[in-house]
Structure formats: structure tokens, C-alpha cells
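S.K.:
Protein chains: 2
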Amino acid sequence: MGSEIQEIKNTIVQRLPSRVQVAKVEFEGPEVVIYTKNPEIITENGDLIRDLAKDIRKRIIIRSHKSVLTEPEEAINRIHSIVPDEAKITNISFDDVTCEVIIEARKPGLVIGKYGATSREIVKQIGWAPKILRTPPISSEIIQRIRRTLRKNSKERKKILQQLGNRIHRPITTENEWVRLTALGGFREVGRSSLFMQTSNSKILLDCGVNVAGKDDKSSYPYLNVPEFVLDDLDAVIISHAHLDHSGFLPYLYHYGYEGPVYCTTPTRDLMTLLQMDHIDIAHREDSPLPFNVKHVKKSIKHTITLDYGEVTDIAPDIRLTLHNAGHILGSAITHMHIGDGQHNFVYTGDFKYERSRLLEPAVAKFPRIESLVMESTYGGHEDVQPTRNDAEKDIIKTIYQTLERKGKVLIPVFAVGRAQEMMIVLDEYIRHGIIDEVPIYIDGMIWEATAIHTARPEYLSKDLRDQIFHMGRNPFISEVFHKVNGIEERKDIVEGEPSIILSTSGMLTGGNSVEYFKWLCGDERNSLVFVGYQAEGSLGRRLQKGWKEIPIKEEGKTNVYHVKMDIKTIEGFSGHSDRRQLMDYVRRISPKPEKILICHGDNYKTLDLASSIYRSYKIETKTPMNLETVRIQ
Amino acid sequence: MGSEIQEIKNTIVQRLPSRVQVAKVEFEGPEVVIYTKNPEIITENGDLIRDLAKDIRKRIIIRSHKSVLTEPEEAINRIHSIVPDEAKITNISFDDVTCEVIIEARKPGLVIGKYGATSREIVKQIGWAPKILRTPPISSEIIQRIRRTLRKNSKERKKILQQLGNRIHRPITTENEWVRLTALGGFREVGRSSLFMQTSNSKILLDCGVNVAGKDDKSSYPYLNVPEFVLDDLDAVIISHAHLDHSGFLPYLYHYGYEGPVYCTTPTRDLMTLLQMDHIDIAHREDSPLPFNVKHVKKSIKHTITLDYGEVTDIAPDIRLTLHNAGHILGSAITHMHIGDGQHNFVYTGDFKYERSRLLEPAVAKFPRIESLVMESTYGGHEDVQPTRNDAEKDIIKTIYQTLERKGKVLIPVFAVGRAQEMMIVLDEYIRHGIIDEVPIYIDGMIWEATAIHTARPEYLSKDLRDQIFHMGRNPFISEVFHKVNGIEERKDIVEGEPSIILSTSGMLTGGNSVEYFKWLCGDERNSLVFVGYQAEGSLGRRLQKGWKEIPIKEEGKTNVYHVKMDIKTIEGFSGHSDRRQLMDYVRRISPKPEKILICHGDNYKTLDLASSIYRSYKIETKTPMNLETVRIQ
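These protein sequence lines map, in sequence, to chains F and V.
Heads up: the first sequence begins at 1 in full-length UniProt numbering, then just goes up one per residue.
Heads up: the second sequence begins at 1 in full-length UniProt numbering, then just goes up one per residue.
#1: For F/V111, does the count of other Cβ atoms within 10 angstroms reach 16, so buried, or fall short, so exposed?
#2: Taking the continuous alpha helix (DSSP H) assigned at F/H279, which residues delimit it?
#3: How do the region 205-218 of chain V and the region 297-315 of chain V stand: do at least 3 beta-carbon pairs fall below 8 Å, yes or no?
#4: Please name the residues in the region 163-189 of chain F whose beta-carbon is closer than 8 Å to at least one beta-carbon of chain V, in chain order.
#5: At the 9 Å Cβ level, is V/D233 part of the contact set with chain F, yes or no?
#6: Against chain F, with Cβ distances strictly below 9 Å, would V/M1 count as a contact?
#7: Report yes or no: do the region 574-592 of chain F and the region 352-367 of chain F share at least 3 C-beta pairs separated by less than 8 Å?
#8: Quick test of the definition: if touching needs 3 or more C-beta pairs under 8 Å, does the region 420-427 of chain F touch the region 540-556 of chain F?
#9: Please go through the same chain and pick out, in chain order, the residues whose beta-carbon is closer than 7 Å to the beta-carbon of V/M1, but skip the five residues on each side of it.
#10: Please specify which runs of the beta strand (DSSP E), each continuous and at least 3 residues long, are wholly inside the UniProt domain "K Homology" (95-165) of chain V, giving them in chain order.
#11: Only counting the same chain, and skipping five residues up and downstream in sequence, which positions put a Cβ closer than 8 Å to that of V/T70?
#12: Going straight from the alpha carbon of V/K203 to that of V/N604, what length do you get?
#13: V/M1 by DSSP, collapsed to three states: which one?
#14: For chain F, check one thing: does any of its Cβ atoms lie closer than 9 Å to the Cβ of V/E26?
#15: Do you know offhand how far V/K158's Cα is from V/S81's?
#16: At a CB-CB cut-off below 8 Å, which residues of chain V make contact with F/L628?
#17: I'd like the list of long-range same chain contacts for F/A283, defined as Cβ closer than 6 Å, with 5 residues on each side in sequence excluded.
#18: How long is the line joining the alpha carbons of F/S93 and F/K554, rounded to whole angstroms?
#19: Applying a beta-carbon distance threshold of less than 9 Å, which residues of chain V neighbour F/G227?
#20: Let me see if you follow: with CB-CB separation under 9 Å, is V/K596 close to chain F or not?
#21: Go through its chain and collect everything with a Cβ distance to V/R145's Cβ below 8 Å, but skip five positions before and after it.
#22: For V/G214, which residues of its own chain have a beta-carbon under 6 Å away from its beta-carbon, when the five flanking residues on both sides are left out?
#23: Check each residue of the region 206-218 of chain F: if its Cβ is closer than 8 Å to any Cβ of chain V, include it; give the result in chain order.
#24: Specify, as a first and last residue, the run of the beta strand (DSSP E) that V/T349 falls within.
#25: Count the other C-beta atoms from every protein chain shown that fall within 10 angstroms of the C-beta of F/A117, then say buried if there are 16 or more, exposed otherwise.
#26: Could you tell me whether the region 263-279 of chain V touches the region 240-254 of chain V, where touching means 3 or more Cβ pairs closer than 8 Å?
#27: Between the alpha carbons of V/G248 and V/N211, how many angstroms are there, rounded?
#28: With DSSP as the reference, label F/N513 as helix, strand or coil.
#29: Taking all protein chains shown into account, do 16 or more other C-beta atoms lie within 10 angstroms of the C-beta of V/P552, making it buried, or fewer, making it exposed?
#30: In chain order, what residues of the same chain have a beta carbon less than 6 Å from the beta carbon of V/V495, not counting five sequence neighbours either side?
#31: Just tell me which of F/V20, F/V410 and F/D318 has its CA closest to the CA of F/N345.
#32: Would you list the residues sitting across from V/Q198 in a DSSP beta bridge?
#33: Are F/L323 and F/I315 touching if we call contact CB-CB under 9 Å?
#34: For V/T182, is the classification buried or exposed, using 16 other Cβ atoms within 10 angstroms of its Cβ as the cut-off for buried?
#35: Decide if the region 375-391 of chain F is in contact with the region 593-613 of chain F; the criterion is three or more beta carbon pairs, one per stretch, under 8 Å apart.
#36: I want to know whether the region 457-474 of chain V touches the region 430-446 of chain V - three or more CB-CB distances under 8 Å.
Right under this line is the structure:
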């Protein structure tokens, strides 16, 4: 154990009033946990812990010593008497390992109380530290599974966190001389995002994605087989957001023996678990299994440390991580890393939207310091200016209106996560205002589950939506216009039934039910297929955008050709990515100005176009590394 | 053992006439060695082996089986009767391990005979395969030591070569997908050159130098501690030329357990051994010992495989190496690598001179194929246009003339290797023609030894010099105007004596006797200090060039300040480096045109200036990586 850990423990014991009986101080990952026999003294003196945390620059958690815990049965009674009924508690469980009581409630705010008064009262009366979770209005199987996994493996998790605590607080061995970034995937291309950062003291992986439109293993997975990438030496993985091209290869690391942490927001953890599980499922069904399985997704859940936006966290002896809203999908984050003692500050945008959407606030552009920036360029070409949000909405409503008029059906292939929920809110809005007819909107399986996760994390939504949900008591996601689709029979009914709108995955028609719907609907010219998201090179979606009218599809060993008669529309402006103007705007407004910008996540031409435009407009040095190249940022 | 080896063996046995009794076929490094009981049949049918070598694309060596070797005593008699006396044999020794007889002679050409007739006759009569070495006209201690080391360790060397043979001919495991270059030293700077090349199948280090003007270990040595550089995985080291900034850190690899080969020309091996030994010596005397010692230089000698210009050699299962004349110093090479099956061709210039000098032919600019080029930029700034050779010679002669007129002494600090010999030839020329007085020219220790090595390898000199030496029987290096300096007493006599010219190391006044001479001579305004080579930032030489007149020098614990009154002159045009015009010319004329050019070995500004000029003039993509950066060339 490093001397830094001992020093922190000493400081804590000295700083707390002597009447606080500190039983134990432990590190759990980046956090300091204080076990005490009289937690009420600490919880009643909020400033004490706040100041202490500031001084030692760590997050502090207070838990009670086993000896002062009330019996569970009695504790449950007490909780019910303290918490008002309107909180609607759905479940209470106890974790012996961490001495926490996990309270799930429909209105968690009421369990916390004003300035935390209710939750403080709980500690005072029963000893157990309350961990308060939201019970989502739409029940989410994934969230239940994750909570169950964590509950069941509490002991193992504690051990993981303690080991991690020691690793993070190990002594720095050499002076930080340099910081290097190696592009392992998603440079000069879209897909399999993965960026490897090395300092003289530590090693971090940013994103670990797959290219779902990849032809073979070589083009689908990041280049993790380079000699400098040694799993045992990896300090942390950071996942910027849940989409598979950023998170899809994470379980592989655990399959190959990674035992370290993953940092991301809570929605990212939940959503990526959903997408990874589904990916394994689809691959299995298509008889091209992935090089990992559900076991490794579970292992990754046990190693995940969730962070809120703005929470500063030590992830290595020389690195402090902070995640900020990226505006791309729920929980998507811009990663800020502070390296060394003020030596270098690095920002990785991941995928980001620098514009307010129906769903999310725009990406954060203000940071304490930045020396270098890695930014995406999906729409980095100078021609990639998108219509305004308003025009885009008018456009899709018009298409839907016309299709419904001619008794057609509208198929909107969407990523389960992000565009789907954005579309749901738009459709709900226009139906509510009577602008389009109240036809059924079918939400196919996975999207439904992803939407459930959205309802579990309203704090991550835009201010407008939060206002609707919290103050006006109206949650658009649970509107009656939406119908969950269950199974193939129901799908057939929908296809043969009345005009309707269908939201289905995958978003690029690379598999999943959207392809099934497409096959059913493509032969009828009354129907419409509407793309609202990015279609990668090689995907069926991209081919249809290019105007292909004969689509060969392999089915049960033979190839059938589908003749496309349905109307194919691409509606720009709904993207979760910043368009060219927003990308340039972001660089103009980001504060402070970075000295160096690396461009990633864009086709070759867009990467180069954006890089040279940024250099010409703002005289900031830009770099456009290829996969397998290493750039020194310091 | 790979199947490739077995296949080659089979081919050889099948192709040779049945009357040739093949006893054994072995791999020694990249070469195939055939042991036979009747070597005369093979040696008399030269075409047979030449065709076979062409077919299997390997170099073939024929040796006799032990059973047909003549007794050494008898063999010596036979050799003396076969070889004419004018050959002046100085030594004959026998190597039991390789079944070779090593014949050292003043005129090795006469031991070989017309079209090899004499040496073939030797084999025929005694069985032993003759290995013919030149006895230099100036005796070289280093060459003697190297020859002794190789003779004494013949058994160990054979084992090393056999293991290497197996390694080189191992099966290729994965398809070659990419080629990466990582800058480990000497990028955006001059000094500690080192470039790491990785393919999907193999790993090569190009140069391994030290920065002799470095402030500390961190700035003196290449970044070999990056995680991707794993000594055990290294297939080969290639040393472009002997200067310490390209070869000085090589022994360190052997200290840290490297067991693989070094490829370079014979003069490079000899000269770098000299310079490495001297470096260890100086560091030891200055009480700042290097992280390796003489033992490791010896180990490197045992692992060195020397190649002639133009000799194509397999160095890894997917890499063929050819060295070409670089025109920089004796034995300096431009490295050409053919990677994969026609997949990629890569050229590394090392230091090169694209102009004929007194000493050497200009650098080679024609190659079978090139996709990417790494070139130096020492004089890459647009202002770095040097005077013509002719003007430079006039200039130095004028300075010498004036200094001698006023009874002063001329101190020319030079690298022991390269500029020293160039200056010797110039001075000899002008004295011979009576243009400057026949004053003594003092050659301080190390330069003398380096010159001896030059006399051992006349094949590597310019055509003019070769003509002088071979056809006119006049070797300028052994002219009577040159005096070898032995020890401090003699130095003092020189300093206090009559006007003279002194050539001494180090060339940048970073240590060695040139600094001693400087201290003695700097106070007298009649004397001149003439720089004819590059002075690195941080060296005393650079300071004097900048006009410093007060020079503090640490001596025996205290700092003395020297007041500079002597005339300080910098004469451009003698550099062993291409000047700006020659660099641009090289790119213009190199054939075929590379698709990508990386710039190395130049100050930051010169690197960038040359890169952008090349791009603007020839529209070839240029890259200017920093140390620790990785660039993908394929």
C-alpha cells in the first residue's frame, strides 16, 4: 500500500472530531469510505465532510459500523414511517458488505428529502446508509438485471474496488515527460472507435467499439493487438457513450483477462449493456458469434464505476477524469483529463451535438483548461451543413402526412438508443397538437427497452423534458400513442394492418427487425422508408440512399432479390452529431482554446476537410492520424 | 525448423549434379552454407551456384567437409606456392568451425586472382575455403581486435548465425496488413537517431544513437523504454553509419539482453567499434560512465553481419534489406527494405551527401521501388545553401595561408571519422601542389586510427581515390606530411612549437583533445580555429560560432574562464551532409518517386521547412513526426 493512502487516512482521523469513532478508512476505487460507529454526527455536520473532501481532493462516503445497524425487519418499518407514501417505495434490500440499504422508489427525490433531510434521518434511525434508486415508470429488464448483478456480487465488487483503490493511489514512479495517443480504431473512418493514451506513468483506453458494418474481424474490431497495448498494464477504460461503435468491444477486454475498471455515466452503463447483449444475441442468431459472450458483459458490469457529469475522479496516480454532457445520446460524455500536476489537459469529445435537441442539452464547451482536443468529424465535410431542427421536423411530418394520406406505412429505421427517443418525442408532440393523425406508432422491442432506461434517468434529459416530467407530471415516453411490439405475429399484423408509423432497429438496416419490415414493405409504393440517422459505408441503408433498386439479401442459404418500390427519404437535421457548422462553431467557442486538435470519427475526406478548415480559420494546429499511428500531445 | 528451410535444402540437393557429394546444408544467418566432399566440382562450375542462388533468392557459401581438408602446415606451404609473392601475405590462420582459411595480405586482389582463379586453385588444392582480408598499409588496432574477436569466438558465432537462420526463415504467421514507424530519437532534433519499424510479422530498429551533446540521460539516449519496443521481439538492428549519433547506443541493447543481429557495412562495423570504445573511454575518464561497457561492444561485434552495397539479404520472414552508398562517411549506407511480397518498399537515407566529395561517391538515388522515404534534414532550412566544394577549399586554404603567415597555428576540430579524412586529402592535395607551405599536419590519436581503417577498405572510397591508390600506387593517407600525435607531452611540444595544422577530435569541442588544444591556443590572436562540420545546439563549438568570448570550463572541480582571442572561422561546404539544394535535388531526382516522405535528423525548424518545401515543390505528402510518435506508411 502506498504511503499516499496512509497519509490520507491519517489526515481523516486527525480532522474528524474525536467524538466521531472512526472504525475503519478504506479505499473503494477512487473513493474514500469511512466506517464509523456514530454516523449521525458526521451526517449532521455536512460541512465537515465537504471541507475534508475538498482538502484531500477525494470523494468521501460515510458508512456505519456493523455494530450500530438495526435489524432489517425493524429497519424496513422505520423507513416506511420516515418516508412519505407518495415516494412510492417499490423495493428495499440490504447489502451486508457495504452496510447500505438500497431503496427503490418511483419518486426518489422524496426519499432523499429537502437538502437530504429524509435520508439523513434514515441513517440516524437505522444506521444503514441509504442508496436511493429510481423505479422507472416503464419497467426496464436491463436495469433490473444490472441491479441484481451488483447486489449478488457485492462482496466481489468490494474486493475489486479495494484493489483498484490501491492501484490508483500507487506512488508515481517517474516524472511525467510525455503523453501519447495511439489511434486503435475509428480514425479516418466511422466505427470501432478506440483511442489509447499513454503517459510516463499510466495507460488509459478511451472507447472500445466495433464497426457493425465491417466486412470481417480485421475491419470490425480495433487494433488491440499492437505491442504497446498490454491488458495487464491498463489503468482504466472510459466509455464515452453506449453506441456499439464506442462500447461494443468492451466485453472482449474482460474475456481476455482485463481486471480493471470502466468509467462511464450510469445511462451509458445501462444502455451499453442493453446494446451489447443484443449484439451478442443477433450475432448468435446469424451464426457468426462474437469473440465474447454474456458472461463478459456481466464481468464488465461488475467493474464499472459510474460517474455523474462534473464529478472529478482520480483514475490513475497522474490522471483526474471528469465527464461532461456531450448532447449526443442519453448519458453521452465529453471526457476531460487532467494529467500530472497541471502538466496537460486533454479533452475527447466522443460523438457530440453542439445544439439543443428535444432530448438533450447541447454539448459542454467550457473547461477549466485544455491543451489538446480530440474531436469527431462525422459531418466534417464543408458540404455537411444540415437543415435546422425546425425544418427537419417539418420535413418528416410532411412525409408522414403524405404517406398516411395514401394509406401507406412509414418505416423509420433508428438506432435503439438516441434517434428513436428523439423521434418519439417529436411524434408525440405533433400528434398531441393534432398536426398528424393519431395513427399507432409501433415501437419495436429493443427501442422500448432503451426508452425504459430513458425514463429511469430523467436527470440526464434536457431541461424542457425535465420540466415536463417533474413539474408538469407529463412523461412523453409513456404516451398512449406508443405501442410496444411483441414478436413476429404482431409484426405481421402491423404490416398487413392499417397505416401506421414503425420505429425499429437497426438504424442502418444492417440486421434486426428493421430489415424484416423493409422486406415486407419495400414492394409497395405507398409506403415510405425514412432515414433520420447516419448510414455507414457498406450498410444496406447507405445502398438504399444511393438509389439501389434491386437488393439481394441472403436468407436461409439462398439469395433473394428485393425490388424497391417504396419511397426512400433521407431527412437530415435529426442527427445526434454536430453538423459542419456546429463543429466549426464548437472550435470557435470552446474555452479555453486548445493548442492542438486531433480529428477522428469521420470518413477520410471529412477528417481532412475539417482539419484543414479548422487550421485555416482558427490557426490551431490540427492532426489527422490514421489507425495505428501515435501522436504526441505533450 | 520451418518448412521453408527444408524446402530450400531439398531444392539444393536436387539441383546439384549427383557427383557433388553434399554432406550438409545449413543456414548461417541469411546465408545458405553447403558442405561438400568435392568442393572443386562446385567451384569450377561458377554458373551452377550463381543460378541456384538466384532461384532460391539466397546467398550461397560453399565449404569443404572436414574429411577433405589438408593439414594446416601443408596447406600454408601450398598457399605460398599458389599465391604470388607480390600479394604480400602477412598472416594465415585456420578456422576449424567454418573450415575456412583466413589469409591476410597487403594486396588481397592477388590472392583472389583474375576472376577468382587463384582462390579457386587454393580450394582445389587444400580444401579449406579461403577468406581473404586486406592488411591495411597503416596498421589498425581496431581491425586487429575485431578479427581476433571473431577468430576466437568462431564456434559461438556459428551458433548465433544458425539460430538466426532459423529465425529469419520462420513461417509468416499473419498476412502483412500494415507497416508502422515509431520515432525513438533524432526526430525534430539532431542526435540519438533511432527509428523503430514494425510490420505485422517483424520488428526492426534502424540506428541506435546517442546525443553526445545531451544534457542528461533523458535527452542523450533514444526512447527505448516505450512499451512497444520489446528487445526479445526484435528481429534486427541496422546501423546506417558509424557516427555515435547513429551507433553509440547499440552496445546498450546487448547489455540489456539483445541476442539478435546487427547489419551494416564492414567499414561501419570497424569505425563504430572505434567510436564506441572511445566513447566508453572518455565517459569513464570524465567519471560519467555509460550504461554499458567494452564487453557489450564485443558482444555486438560477434552479432554483426556485414553487407556490401547492393547485396540483397533476408533479415526477417517478410523483409529484404539492401544497403546503398550514402556518400556521408566511409561505409555509410542508405537502407532499402522490401517488405512482404512486393507490398511496400521503404528507404531510410540516414545521413547522406548528394554530391561527390574528395573521399566518396555521391549518394545513390535509384532504387527498384520506393513507396516511402525517411530522409535527413540537417541542412534542411531554405537558408542552408552551402558554398560549392571548390569555394570551400579555397576558403580554408586562404585561412590556413593567412594563419601560417602570421606564425599562428590552425586548429581544425573534426569528427574522427569523415571530415578528418576529407580534410587530410584536401591538405595533402594543396601541399603537393605547393599552394600552402609544407608545415607539419598533426593528426591526433583517434583520427589516425580511423584513417587506418580507411586504408583497409579502399573499395568504399571514391573512384578518383581508388584510381590513385590502385593504379597510380599513391595513397594520400600515408603521405609524409601527416604526423601521428602520441600523448600529452607531444601535444605540448606542438602547441609551443612552430606553425602547424592540427586535426583533432571531438568535432564539436564537446570533449577530447580538441578542447585541450582550444584551451592552449585560444588566447593567442595569431591562431585560428576552423569549424568544418556541424555544431549541435548546446556544444562548445556552437557557442564559439555564436561569438562567445568568455568560455567557462569546469576543470578538476573548479570553473576556469577562457578568454577567446584566436580567430574563429566557420567554413561551410565540407559537410558530409547534403545542403538544402542537394536535399531538394535528391527528392527531385530520386527514382522512382516515393508517395510519402518523413523528415528526420534536423532541428525543429529545419525539419518543418524542408517538409513544407518538398510538399510545395513536388506535391509529395510529407510528415514530420516527433520522437515517440508513430506513423503508418502502409
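Using N, Cα and C, we set each Cβ at its ideal position, and we do this for glycine too.
M.R.: Let me spell this out:
#1: Burial state of F/V111 is buried, judged by a 10 Å Cβ sphere holding 16 or more other Cβ atoms.
#2: For F/H279, the uninterrupted alpha helix (DSSP H) run begins and ends at T266 to R285, by DSSP.
#3: Segments in contact, no.
#4: Contacts with chain V (Cβ-Cβ distance below 8 Å) from the region 163-189 of chain F involve E177, W178, R180 and T182, listed in chain order.
#5: True, the Cβ-Cβ gap to chain F drops below 9 Å.
#6: Low confidence applies here, because V/M1 scores a pLDDT of 44, under 50, leaving its location unreliable and the question unanswered by this model.
#7: Counting Cβ pairs under 8 Å, three or more are found: they touch.
#8: No, the region 420-427 of chain F is not in contact with the region 540-556 of chain F.
#9: The predicted position of V/M1 is uncertain, since its pLDDT is 44 and thus under 50; no value can be drawn from it.
#10: Note on the UniProt domain "K Homology" (95-165) of chain V: whole beta strand (DSSP E) runs with a minimum of 3 residues are 100-105 and 129-134, in chain order.
#11: Excluding sequence neighbours, V/T70 sits near R78, Q125, I126, G127 and W128.
#12: Taking the straight line joining both Cα atoms gives about 27 Å.
#13: Here V/M1 scores only 44 on pLDDT, less than 50, and its place in the model is too uncertain to base an answer on.
#14: Not closer than 9 Å to any Cβ of chain F, the Cβ of V/E26 fails to qualify, so no.
#15: One C-alpha to the other measures close to 31 Å.
#16: Chain V residues near F/L628: W178, R180, T630 and R632.
#17: Excluding positions up to five away in sequence, the list reads P289 and L290.
#18: Those two C-alpha atoms are separated by around 49 Å.
#19: Note that residue 227 of chain F is Pro in the sequence shown, not Gly. Near F/P227 (Cβ distances below 9 Å), the residues of chain V are Q198, K203, P227, E228, F229, V230 and D233.
#20: Chain F contact via Cβ: absent.
#21: These residues qualify, in order along the chain: T273.
#22: Scanning its chain for C-beta atoms nearer than 6 Å, with the 5 sequence neighbours on each side dropped, one finds around V/G214 the residues S220, in chain order.
#23: Cβ contacts with chain V: K218.
#24: No beta strand (DSSP E) holds V/T349; DSSP gives it neither H nor E.
#25: By the 10 Å Cβ count, F/A117 comes out exposed.
#26: Cβ pair count under 8 Å is three or more, so yes.
#27: Cα-Cα distance, rounded: 8 Å.
#28: Helix at F/N513.
#29: Per the 10 Å Cβ criterion, exposed.
#30: Counting only Cβ-Cβ distances below 6 Å, and skipping sequence neighbours, we find W520.
#31: The shortest C-alpha separation from F/N345 is found at F/D318.
#32: For V/Q198, which the question treats as bridged, DSSP gives the partners V/R180 and V/K203.
#33: No. Outside cutoff.
#34: Around the C-beta of V/T182, 16 or more other C-beta atoms lie within 10 Å, and the residue is accordingly described as buried.
#35: The region 375-391 of chain F vs the region 593-613 of chain F: in contact.
#36: Because the criterion of three Cβ pairs below 8 Å is not met, the region 457-474 of chain V and the region 430-446 of chain V do not touch.
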